[in-house]
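Participant:
Protein chains: 2
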Amino acid sequence: MPVKETRSFREVCRENGIAVTHQRQVLYEVMKSMDGHPSPEEVYARVKKKVPAISLATVYKNIHLFIESGVFQKVSMHHGSVRVEMNGEPHHHMVCSKCRKITDIGEKELGLVAKRSRLPGGFLVERYAVDAIGVCASCQKSSC
Amino acid sequence: MPVKETRSFREVCRENGIAVTHQRQVLYEVMKSMDGHPSPEEVYARVKKKVPAISLATVYKNIHLFIESGVFQKVSMHHGSVRVEMNGEPHHHMVCSKCRKITDIGEKELGLVAKRSRLPGGFLVERYAVDAIGVCASCQKSSC
DNA sequence: AGCATAAACGATAAAAGTTATCGTTTGAGA
DNA sequence: TCTCAAACGATAACTTTTATCGTTTATGCT
Ligand SMILES: [Mn+2]
Ligand SMILES: [Mn+2]
Ligand SMILES: [Zn+2]
Ligand SMILES: [Zn+2]
Numbered sequence: 397m398p399v400k401e402t403r404s405f406r407e408v409c410r411e412n413g414i415a416v417t418h419q420r421q422v423l424y425e426v427m428k429s430m431d432g433h434p435s436p437e438e439v440y441a442r443v444k445k446k447v448p449a450i451s452l453a454t455v456y457k458n459i460h461l462f463i464e465s466g467v468f469q470k471v472s473m474h475h476g477s478v479r480v481e482m483n484g485e486p487h488h489h490m491v492c493s494k495c496r497k498i499t500d501i502g503e504k505e506l507g508l509v510a511k512r513s514r515l516p517g518g519f520l521v522e523r524y525a526v527d528a529i530g531v532c533a534s535c536q537k538s539s540c
Numbered sequence: 397m398p399v400k401e402t403r404s405f406r407e408v409c410r411e412n413g414i415a416v417t418h419q420r421q422v423l424y425e426v427m428k429s430m431d432g433h434p435s436p437e438e439v440y441a442r443v444k445k446k447v448p449a450i451s452l453a454t455v456y457k458n459i460h461l462f463i464e465s466g467v468f469q470k471v472s473m474h475h476g477s478v479r480v481e482m483n484g485e486p487h488h489h490m491v492c493s494k495c496r497k498i499t500d501i502g503e504k505e506l507g508l509v510a511k512r513s514r515l516p517g518g519f520l521v522e523r524y525a526v527d528a529i530g531v532c533a534s535c536q537k538s539s540c
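Here the protein sequences line up with chains A and S, keeping their order.
Mind the numbering: the first sequence is residues 397 to 540 in my numbering, read in order.
Mind the numbering: the second sequence is residues 397 to 540 in my numbering, read in order.
Encoded structure:
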């Protein structure tokens, strides 16, 4: 069973043209075993137990690599510096995955339906925030 | 017309029990005039043209104050450090506004949105990311 | 298996974003 | 006008992320 896991990781690397290093492999397996939505520091703390000499920079570099390769994803497009919303009207956002531009869009234009105020686990909903993630018109034209 | 604006800002301050300082007032008016979703640094650059001696710390402190008072909002709950998603199944998130915990929820349990792949302005949608923002069961019990 | 080379690694400095500290200034109520 | 808590500016400190660079390692080719 570790054999199968190893083979599948090797295939992932082969597909994406990246080398199979010891650090990379342990990182991949540790991350796969983690629940929730850890930060790079949390991943670093975990993987350090198995590879004590690993560098935080290596963790960051490989998390980026995994995300670029589609092996894992980012929880949100909105990490980094805080952004302020001055538009008091309830609305949602279109987020361009190329240029990261955030554009307002009303609920009606979005075609949004069905709003539950209670969700499984007893979660009480105050509001919904929807991101339509894709490519803006300007980035579709320019082939960058 | 500047008189009316001033009065409304004074009322906002009165309602929230905060002092009407010169910096605060200019900051409020500059921010209200800004489109999009600026970062604190962008706000700072703008307000500095009108109050050159203002400190970046003052900008940060007042942005927080405005957000806490509900005058303005944050674009997203997900600023700060990047979080990695290892759950490959398509899903959305419940985000607790008290403890900030992020919990997975499937599309079916959520009640979901309509799926338009084209949005106004020629935006091409790749996927939707929905945050149900509210209070988790644990934070409902504890009255903190 | 041995070799060459590009990629990856670890250590750490630097950059970016944010918060804390502290002495000085100012707004609000008496 | 006077008093004092609140707010301000300057800047140090902290957090998160990226860049740099010398060393090590994986890979493809004999
Ligand atoms: Mn908006
Ligand atoms: Mn998730
Ligand atoms: Zn774009
Ligand atoms: Zn909570």
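For every residue, glycine included, the Cβ atom is placed at its ideal position computed from N, Cα and C.
What residue range does the alpha helix (DSSP H) around residue 462/A cover?
Facilitator: Run containing residue 462/A: 452-465, per the alpha helix (DSSP H) assignment.
Participant: Does ligand 4 have even one heavy atom less than 8 Å from the beta-carbon of residue 494/S?
Facilitator: Yes, the Cβ of residue 494/S comes within 8 Å of a heavy atom of ligand 4.
Participant: For residue 492/A, report the span of its beta strand (DSSP E) as first-last.
Facilitator: Here the beta strand (DSSP E) through residue 492/A covers 488-492.
Participant: Leaving out five residues before and five after residue 467/S in sequence, what residues of the same chain have Cβ atoms less than 7 Å from its Cβ?
Facilitator: Contacts found: 408.
Participant: Taking only beta-carbon positions, decide if residue 412/A is within less than 9 Å of chain S.
Facilitator: No, residue 412/A does not count as interfacial toward chain S.
Participant: Per the DSSP calculation, residue 481/A is bridged to which residue(s)?
Facilitator: For residue 481/A, which the question treats as bridged, DSSP gives the partners 469/S.
Participant: So, for residue 427/S: in the same chain, excluding its five sequence neighbours on each side, which residues have a beta-carbon less than 7 Å away from its beta-carbon?
Facilitator: Cβ within range, chain order: 439 and 468.
Participant: Looking at the structure shown, is residue 449/S part of a helix, part of a strand, or coil, going by DSSP?
Facilitator: In this structure, residue 449/S counts as coil in the three-state DSSP scheme.
Participant: What do you get for residue 525/S, buried or exposed, if any count of 16 or more other CB atoms within 10 angstroms of its CB means buried?
Facilitator: Result: buried.
Participant: CB of residue 535/A to nearest heavy atom of ligand 4: below 8 Å?
Facilitator: Checking the Cβ of residue 535/A against ligand 4 gives no.
Participant: Would you give the residue range spanned by the alpha helix (DSSP H) that residue 426/A belongs to?
Facilitator: Residue 426/A -> alpha helix (DSSP H) spans 418-429.
Participant: Give the C-beta separation of residue 443/A and residue 455/A to the nearest angstrom, bearing in mind that I take them to be a contact with Cβ-Cβ under 8 Å.
Facilitator: About 7 Å separates the two Cβ atoms, so the contact holds.
Participant: Can you name the residues of chain S whose CB is closer than 7 Å to the CB of residue 474/A?
Facilitator: Per Cβ cutoff of 7 Å: 471, 472, 474 and 475.
Participant: I'd like to confirm something about residue 531/A: is its beta-carbon nearer than 8 Å to some heavy atom of ligand 5, or not?
Facilitator: Ligands present in the displayed structure are limited to ligand 1, ligand 2, ligand 3 and ligand 4, and ligand 5 is not among them.
Participant: Does ligand 4 have even one heavy atom less than 8 Å from the beta-carbon of residue 444/S?
Facilitator: No, the Cβ of residue 444/S stays beyond 8 Å of every heavy atom of ligand 4.
Participant: Of the choices 420/A, 446/A, 516/A and 481/A, whose alpha-carbon is the least far from that of residue 462/A?
Facilitator: Answer by Cα proximity: 420/A.
Participant: For residue 481/S, would you say it is in contact with chain A, using Cβ-to-Cβ distances shorter than 9 Å as the test?
Facilitator: With 9 Å as the cut-off, residue 481/S counts as an interface residue toward chain A.
Participant: Looking only at its own chain, which residues have a Cβ that is under 6 Å from the Cβ of residue 513/S, when we skip the five neighbours before and after it?
Facilitator: Contacts found: 521.
Participant: Measure the C-alpha to C-alpha separation of residue 431/S and residue 482/A and round it to an integer number of angstroms.
Facilitator: Cα to Cα, residue 431/S sits roughly 8 Å from residue 482/A.
Participant: Check for me: the beta strand (DSSP E) holding residue 525/A runs from which residue to which?
Facilitator: Note, residue 525/A: beta strand (DSSP E), 519-531.
Participant: Indicate, with yes or no, if ligand 2 has a heavy atom lying under 8 Å from the CB of residue 450/A.
Facilitator: No - ligand 2 has no heavy atom lying nearer than 8 Å to the Cβ of residue 450/A.
Participant: Residue 479/S and residue 459/S - do their beta-carbons sit closer together than 9 Å?
Facilitator: No, they are not a contact pair.
Participant: List the residues of chain A whose Cβ lies closer than 7 Å to the Cβ of residue 503/S, in chain order.
Facilitator: The premise fails here: residue 503/S is roughly 11 Å from chain A at the closest Cβ pair, so nothing lies under 7 Å.
Participant: Counting only beta-carbon atoms, is residue 524/S nearer than 9 Å to chain A?
Facilitator: So, interface residue.
Participant: Less than 8 Å separating the Cβ of residue 500/A from some heavy atom of ligand 1?
Facilitator: Checking the Cβ of residue 500/A against ligand 1 gives yes.
Participant: Please tell me whether residue 519/A has its Cβ less than 9 Å away from any Cβ of chain S.
Facilitator: Yes, residue 519/A lies at the interface with chain S (some Cβ there is under 9 Å from its Cβ).
Participant: Can you list, in chain order, the residues of its chain with a C-beta nearer than 7 Å to that of residue 500/A? Leave out the 5 residues immediately preceding and following it.
Facilitator: The residues are 483, 487 and 489.
Participant: Comparing the CB of residue 497/S with every heavy atom of ligand 4, is any distance shorter than 8 Å?
Facilitator: Yes, ligand 4 has a heavy atom inside 8 Å of this Cβ.
Participant: Could you check if residue 480/A belongs to the surroundings of ligand 2, using beta carbon to heavy atom distance under 8 Å?
Facilitator: It does not: the Cβ of residue 480/A is nowhere closer than 8 Å to a heavy atom of ligand 2.
Participant: Do you know offhand how far residue 502/A's Cα is from residue 449/A's?
Facilitator: Computed Cα separation, rounded: 50 Å.
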